[in-house]
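For reference, the structure is listed below as structure tokens.
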Amino acid sequence: MSSGFPSGLVSSMTADLVAWVENLEGVRNIFVSNGQETQQITNYSRDDGQEISNLIISPDNTFIIFERGGAPNQQGEIPNPLSLAEKTKRQIWKINTDDKKPVLISEGDHPVLSSDGKTLLFSRRGQA
Numbered sequence: 092m093s094s095g096f097p098s099g100l101v102s103s104m105t106a107d108l109v110a111w112v113e114n115l116e117g118v119r120n121i122f123v124s125n126g127q128e129t130q131q132i133t134n135y136s137r138d139d140g141q142e143i144s145n146l147i148i149s150p151d152n153t154f155i156i157f158e159r160g161g162a163p164n165q166q167g168e169i170p171n172p173l174s175l176a177e178k179t180k181r182q183i184w185k186i187n188t189d190d191k192k193p194v195l196i197s198e199g200d201h202p203v204l205s206s207d208g209k210t211l212l213f214s215r216r217g218q219a
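Numbering-wise (our numbering), the sequence shown opens with residue 92 and increments by one.
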């Protein structure tokens, strides 16, 4: 009963590449596949209750943009199911598909990447 649960499948517009979020026993990670090889590109190791969503594969397939953290409640609080001392945040991340090093871009949500992959638009506290 410990099978992973995939969600958020997205495909590249320019190559045979797909990405998705795999939730295995509560631990969420991003995977990519080119149809021949599948790789895990994030390395989260515990169930911290933080969602991963809104995956975007760059036009040149060298990076993936994603959102980490759940939607706020009516009081504007981001879910913190483990009652972590550090306040949880909703953040936009970028991860290179080669070196697999995640880079925090900003707090925010609903990322949209331009067709050339050079401009990223997202919302932060209700502002674009």
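Glycine included, each C-beta is placed from N, C-alpha and C at the ideal position.
(1) Return yes when the Cβ of Val118 is within less than 8 Å of the Cβ of Ile132, no when it is not.
(2) By Cβ distance, which residues of its chain are closer than 7 Å to Ile169, with the 5 residues on each side in sequence left out?
(3) Quick one: what's Thr129 bridged to in DSSP?
(4) Who are the Cβ neighbours of Pro97 in its own chain at under 6 Å, not counting the five residues just before and after it?
(5) Here's the rule I'm using: 16 or more other beta-carbon atoms within 10 Å means buried, otherwise exposed. How should Glu158 be labelled?
(6) Going by DSSP in three states, Asp190 sits in which element: helix, strand or coil?
(7) So, at 7 Å on beta carbons, what are the nonlocal neighbours of Ser206 in its own chain, with the 5 sequence-adjacent residues on each side left out?
A quick look at the data gives this:
(1) Here residue 132 refers to the residue found at position 41 of the sequence shown. Here residue 118 refers to the residue found at position 27 of the sequence shown. Going by C-beta atoms, Ile132 is not nearer than 8 Å to Val118.
(2) Within the sequence shown, the letter at position 78 stands for residue 169. Only Gly160, Gly161, Pro163, Thr179, Lys180, Arg181 meet the Cβ criterion.
(3) As a first step, residue 129 is located in the sequence shown; it is residue number 38 there, counting from the start. Partner(s): Ser124.
(4) In the sequence shown, counting from the first residue as 1, residue 97 sits at position 6. Only Trp111, Glu113 meet the Cβ criterion.
(5) On the sequence shown, residue 158 is found 67 positions in, with the first residue counted as 1. The residue is buried, with at least 16 neighbouring Cβ atoms inside 10 Å.
(6) Locating residue 190 in the sequence shown gives position 99, counting from the first residue. Correct three-state label for Asp190: coil.
(7) The residue labelled residue 206 in the question sits at position 115 within the sequence shown. Closer than 7 Å at Cβ, skipping near neighbours: Pro150.
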